[in-house]
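Numbering (this note's numbering), first residue to last: 452 to 713.
Where is the CB? At the ideal position from N, CA and C, for every residue including glycine.
Step one of this worksheet: look at the structure below.
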């Protein structure tokens with residue numbers, strides 16, 4: 452039977468986070484708040500748990516699960532970073548920025564049909580961060596059945612997901628429905644895939660050379676686009692499309708639900 456903890460009460464919050472962390476480590480699913488919508492999460496390195504997550508939502512591996520992290524060390528452990536990615540993360544994390552990166556090639560995980568990429572975000576929510584700092588990276592998607600509206604409370608998520616989830620952490624209604632901004636940092640020049648919580652001027656104050664969504668519209672692979680570049684572009688576009696429906700972070704989308712549940 453699923454357990455729900457009211458994290459607005461300090462004692463219940465401490466107990467709930469402890470139970471949720473144990474559940475994640477045991478390969479079970481939890482629902483947790485983020486700074487956008489509520490997310491359904493699992494240990495990123497437990498393929499069976501990620502499969503349960505996708506099954507609970509009623510979706511397939513063609514829409515991979517984005518990853519939420521609680522520390523920059525966790526970010527660099529799962530993603531191949533560069534100067535631009537690290538600069539953006541240093542300024543805008545935790546917060547509404549999802550970064551599309553190449554995944555670390557040594558990782559033994561299965562987030563879905565990622566094409567070797569992963570969308571990573573650090574959410575700006577104290578409950579989520581406390582969980583993530585104890586569990587390590589989690590695959591997190593919006594806490595709803597595929598095609599349904601995202602949940603803005605753990606109670607709403609429970610109505611949709613029921614006992615497929617072991618632990619629900621309730622922290623009250625989410626306060627923002629603005630999706631995360633997604634930036635593709637897989638190439639030599641970072642490119643904005645989708646503008647959201649972070650504006651283009653803000654991004655350029657950190658990385659002046661960043662390409663905006665209107666500067667270089669997406670186009671089919673041409674003779675000057677390598678296979679790797681084309682795959683990264685498709686993953687970025689899929690991340691944006693997925694996040695537009697269900698945003699959690701990173702966000703966002705691996706492609707994102709965020710979501711970057713952004």
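Going by DSSP, which residues form a beta bridge with residue i?
i, result
"residue 722", "As shown, the chain starts at 452 and ends at 713. That puts residue 722 outside it, with no answer to give."
"residue 549", "633"
"residue 645", "633"
"residue 559", "Beta-bridge pairing links residue 559 to no other residue."
"residue 473", "Note: residue 473 sits in no beta bridge, so no partner."
"residue 568", "553"
"residue 619", "455 and 482"
"residue 530", "554"
"residue 626", "According to DSSP, residue 626 bridges with nothing at all."
"residue 519", "572 and 589"
"residue 582", "Bridge partners of residue 582: none, in fact."
"residue 488", "Residue 488 is not bridged to any residue."
"residue 658", "Paired residue(s): none; residue 658 is not in a bridge."
Excluding the five sequence neighbours on either side, which residues of its own chain have a C-beta within less than 7 Å of the C-beta of residue i, listed in chain order?
i, result
"residue 602", "488, 489, 594, 595, 608 and 611"
"residue 646", "632 and 664"
"residue 621", "455, 456, 457, 458, 604, 605 and 606"
"residue 478", "494, 497, 499 and 500"
"residue 576", "484, 485 and 486"
"residue 533", "636"
Considering only their Cβ atoms, is the gap separating residue j from residue i smaller than 8 Å?
i, j, result
"residue 495", "residue 598", "no"
"residue 551", "residue 570", "yes"
"residue 716", "residue 644", "In the structure as shown, the chain starts at 452 and stops at 713, and residue 716 therefore has no counterpart that could be examined."
"residue 503", "residue 480", "yes"
"residue 463", "residue 592", "no"
"residue 468", "residue 626", "no"
"residue 629", "residue 547", "yes"
"residue 586", "residue 472", "yes"
"residue 562", "residue 600", "no"
From residue i to residue j, what distance separates their C-alpha atoms?
i, j, result
"residue 510", "residue 460", "34 Å"
"residue 485", "residue 579", "6 Å"
"residue 641", "residue 661", "5 Å"
"residue 619", "residue 639", "41 Å"
"residue 667", "residue 623", "In this prediction, residue 667 has a pLDDT of 47, which is less than 50 and means its spatial position is unreliable; nothing more can be read from the coordinates."
"residue 474", "residue 453", "11 Å"
"residue 556", "residue 541", "23 Å"
"residue 535", "residue 573", "16 Å"
"residue 505", "residue 652", "36 Å"
"residue 470", "residue 545", "24 Å"
"residue 476", "residue 617", "12 Å"
"residue 491", "residue 656", "33 Å"
For residue i, I'd like the list of residues in its chain whose CB is within less than 8 Å of its CB, leaving aside the five on either flank, ordered along the chain.
i, result
"residue 584", "521 and 522"
"residue 559", "496"
"residue 658", "535, 538, 539 and 641"
Ignore the nearest five residues each way along the sequence and tell me which others in residue i's own chain have a CB closer than 6 Å to its CB.
i, result
"residue 588", "495, 518, 520, 525 and 529"
"residue 513", "564"
"residue 649", "543, 547, 548 and 632"
Quiz item: Is it true that the segment 613-631 meets the segment 519-531, where meeting means three or more beta-carbon pairs spaced less than 8 Å apart?
Solution: The segment 613-631 vs the segment 519-531: no contact.
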